[in-house]
Structures are given as structure tokens and as C-alpha cells.
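One structure is given below, encoded as C-alpha cells.
Numbering (the numbering used here), first residue to last: 42 to 197.
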């Protein structure tokens, strides 16, 4: 099984610092990732070299590590396997067929705010789901960022 790289681009009318923090903070992460799975969350740290678990409410999900981190510029997530029934699988033949797979977020300042580029490796099994969910997730993220950005400007 081979991975295919999908790309999604979203221009968000908010500063890079706002998009970065809104995308990665636990509470706002749960909101925008609901487009993939209602109640999804993460357990771990967005620090380079750290393990992080992306989980559904039932505890199933994915185990990964932060492969690279350049604050407010780039984060690369190296997906290593699945979690099912509380057990991490990073070594089965099914996992080795696709892992590691990368999910990269690039943040670029623009005149109107931030250009966010998502590059994600997926297998054919998940391609349609990701093509459907990512645009919805990015719309949710944009809405959060605009609220945060508007809140900042009214407090000044």
C-alpha cells in the first residue's frame, strides 16, 4: 500500500500567531477537528521529538511524533500507527504498509493574514474522507481565528 499526498490551502484573515495558537491549543483543536470526528482531541505535546496521540472520544486514534517544529512557521507530524482498545500498534504488517505517514502544516504571512498549507499523506482507504473533512475543518479553524483576531482588536 502506498501513500498519496493531499494538499489543502486556506487563506485565513488573521495573523500567523493567531492561526498557529488557535490550530494547536487543546480547546480550539477540539472544535476545528470535529469535522473529522466529533469529540476528537490530543494527548501529548507539540514539541519536536515528542509523542502525541490523536484520539476519538472512545480512546481509539493515531499515535505520532512531532518530526519537526518551527514555531509559527511549520509543524510536521510523523504518524506511526493506530490505537485501538487502548493498545498502540506501530509494528503490524498493516501499519508497516503505510507508516510512517506525514501531516505537515505550513504557515505563511500574507497581506490579508495567513496562508495555511496542509500536506497530508493518506492511503486510498482514507483519501475520500480527508478530501471531504479537511475543507470543513479549515472553515471551522478560520471561523475560530477570526473570532480570536476580532476579540484582540476590540481589546486594544
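Yeah, the Cβ is synthetic: ideal placement off N, Cα and C, and Gly gets one too.
Since this is a predicted model, take the numbers as computed values, not measurements.
Check the Cα spacing between residue 156 and each of 47, 55 and 44: the tightest is with 55.
Judged by DSSP secondary structure, residue 117 falls within the beta strand (DSSP E) whose first and last residues are 115-125. In the DSSP assignment, residue 150 falls within the unbroken beta strand (DSSP E) covering 142-151. Per DSSP, residue 58 lies in no beta strand (DSSP E); the unbroken alpha helix (DSSP H) holding it starts and ends at 57-65. Residue 134: member of the alpha helix (DSSP H) spanning 134-137, first to last residue. Shown here for residue 76: same chain residues with a beta carbon closer than 7 Å to its own, the five before and five after excluded, namely 174, 177, 178 and 181 in chain order. Of the candidates 83, 91, 111 and 126, the residue whose Cα lies closest to the Cα of residue 99 is 126. Per the C-alpha coordinates, the member of 172, 117 and 68 positioned closest to residue 148 is 117.
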